[in-house]
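In what follows, a single structure is set out as structure tokens and then discussed.
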Ligand SMILES: Cc1ncc(COP(=O)(O)O)c(C=O)c1O
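Residue numbers (the working numbering): 772 to 1252.
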């Protein structure tokens, strides 16, 4: 029922209950999914341990590290570790887009320094006695980074969505939600008590149809106008690698006088010439987005989330959002990691490191996607998206691909039903600025080898290989004939 309309808020990719899929009951990087899992259309990869500082061998940014091997016995949710630790694995699975999830460098140093000064725990909420000068500095910085009036931070990205949407919409309101929105957005919409209608993924005709119907018919039975219509979308969709058609969404929301809630969990830091997300990518005015949401867990290598926008909005949330009023405030070293990485991206640290990382990520992304296409793989998503889904199609190839890659020291995330339609199993690569040319080339050559082994080069439109990287004039001199 993908793409259908639901007035109950049921996500459209509903499948039969308690299905488990996994990377086929064998050793290797595995995946176990269950509809009961709150994140049921995402995955829970074994790979998670690779980003644990205690396991990482690389002193850099977890672009490489050790990986604990695990098996997921068929039809069981819990994975079992085999005790085998694979050394020097190239990490193609983490959301470490700008490489700030690192255990050395200015972010790690300042987080350590702040821990010595403030400790780790706050043991109070922001509204009671848990409000530090560092929290206020971080929020001002987030607002400046995004180019909006005000911002507020929360300790958890998931709760930023699930606890704030109910503060913004309620009974008599209509939420128009992309069919592939993240579980935290779906949960927030359901908890709000609003009516929810789901439009086809990134499909503007489908969205406009729902907007028109909402204006013409109003609320069911009474036909009173909706109190509020809130369109909820993401910047980059983490399973498809697609970028939201933001200019068109903004045009529609203006035409039908709706509000727009934009979740930039994957796009903030990772898109746009200045790393300011999807608004920056399209060169739009941030004021056209009513509620800017994002997380610090990906590009900033930290934890938590933010809501940003007009001052009135933020003041309202400070007193009405459950996660603002009842949750313990963010830990100081986490706040410091956010401040330091964000200042770096903005160039406020006096270096070009952040800027260089944003550019490097864009280059790595375009290069990696182009090479995969040249090899004959089918990949999804936008050319500029660092989330790169590569189609495996057959469920039986999920486990095989993960295992064969890990045998060759490449850690990948593989995804299948019910996270994807049953015949659209895929590997989901996440590109990072911390990947060097050498790492990407090694990974690509392994992907090609495993692709031949498992017959994954499905594309009939193979692009002719061109020069892999721009010619360096110092090496290749012009030769006159
Ligand atoms: C689109 C989106 N929103 C929200 C979240 C939740 O963020 P966090 O993992 O920081 O809690 C995620 C997590 O991956 C996400 O992909």
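Note that beta-carbon positions come from the ideal geometry of N, C-alpha and C, so glycine has one too.
Worksheet item: Per DSSP, residue 1077 is paired with what?
Response: 924 and 1065
Worksheet item: Enumerated in chain order, which unbroken segments of the beta strand (DSSP E) with a length of 3 residues or greater are wholly contained in the segment 1014 to 1045?
Response: 1030 to 1034
Worksheet item: Given residue 1057, which residues of its chain have a CB within under 7 Å of its CB, disregarding the five upstream and five downstream residues?
Response: Counting only Cβ-Cβ distances below 7 Å, and skipping sequence neighbours, we find 917, 918, 919, 1050 and 1063.
Discussion item. Can you look up residue 830 in the DSSP assignment and give me helix, strand or coil?
Written reply: Caution is warranted here: a pLDDT of 34 is assigned to residue 830, below 50, making its placement in the model unreliable, and the coordinate value is therefore given only provisionally. Of the three classes helix, strand and coil, the one that applies to residue 830 here is coil, per DSSP.
Worksheet item: In terms of alpha-carbon separation, which member of 1106, 1198 and 1142 lies closest to residue 893?
Response: 1106
Fill in: residue 1001 versus residue 1027 - alpha carbon distance
11 Å
Worksheet item: Who are residue 970's beta bridge partners in DSSP?
Response: Beta-bridge pairing links residue 970 to 949.
Item to complete: Mind reading off the beta-carbon distance from residue 1269 to residue 928? Whole number of angstroms is fine, and I expect it under 8 Å.
Response: What is shown of the chain runs 772 to 1252, which leaves residue 1269 out entirely.
Worksheet item: Expressed to the nearest angstrom, what Euclidean distance is found between the alpha-carbon atoms of residue 860 and residue 1180?
Response: 5 Å
Worksheet entry | Residue range of the beta strand (DSSP E) that includes residue 1196 | For residue 1196, the uninterrupted beta strand (DSSP E) run begins and ends at 1196 to 1201, by DSSP.
Fill in: 3 or more residues per run - each beta strand (DSSP E) lying fully within the segment 1133 to 1179
1158 to 1164
Worksheet item: Pairing CB atoms from the segment 1204 to 1211 with CB atoms from the segment 854 to 869, are three or more of them under 8 Å?
Response: Output reads yes: the segment 854 to 869 touches the segment 1204 to 1211.
Item to complete: Can you tell me which of the three DSSP states residue 1120 falls into?
Response: It is coil, neither helix nor strand.
Discussion item. Rounded to whole angstroms, what is the Cα-Cα separation between residue 990 and residue 959?
Written reply: 20 Å
Worksheet entry | Counted within 10 angstroms of its Cβ, other Cβ atoms place residue 795 as buried (16 or more) or exposed | Here residue 795 scores only 28 on pLDDT, less than 50, and its place in the model should not be relied on; the value that follows carries that caveat. Buried, since its Cβ has 16 or more Cβ neighbours within 10 Å.
Fill in: Residues that DSSP places opposite residue 998 in a beta bridge
None, per the DSSP bridge assignment.
Worksheet item: How is residue 837 classed by DSSP in three states: helix, strand or coil?
Response: strand
Worksheet entry | Where the beta strand (DSSP E) containing residue 853 begins and where it ends | 851 to 862
Item to complete: Compute the minimum distance between the beta carbon of residue 1093 and the heavy atoms of ligand 1, and state whether it is under 7 Å.
Response: No, since every heavy atom of ligand 1 falls outside the 7 Å radius drawn around the Cβ of residue 1093.
Item to complete: Drop a sphere of 10 angstroms on the beta-carbon of residue 823, count the other beta-carbons inside from all chains shown, and report buried for 16 or more, exposed for fewer.
Response: Since pLDDT at residue 823 reaches only 31, below the 50 mark, its modelled position is unreliable, and no value is offered.
Discussion item. Using a 10 Å radius around the Cβ and a threshold of 16 neighbouring Cβ atoms, would you call residue 887 buried or exposed?
Written reply: exposed
Worksheet item: Does DSSP put residue 899 in a helix, in a strand, or in coil?
Response: coil
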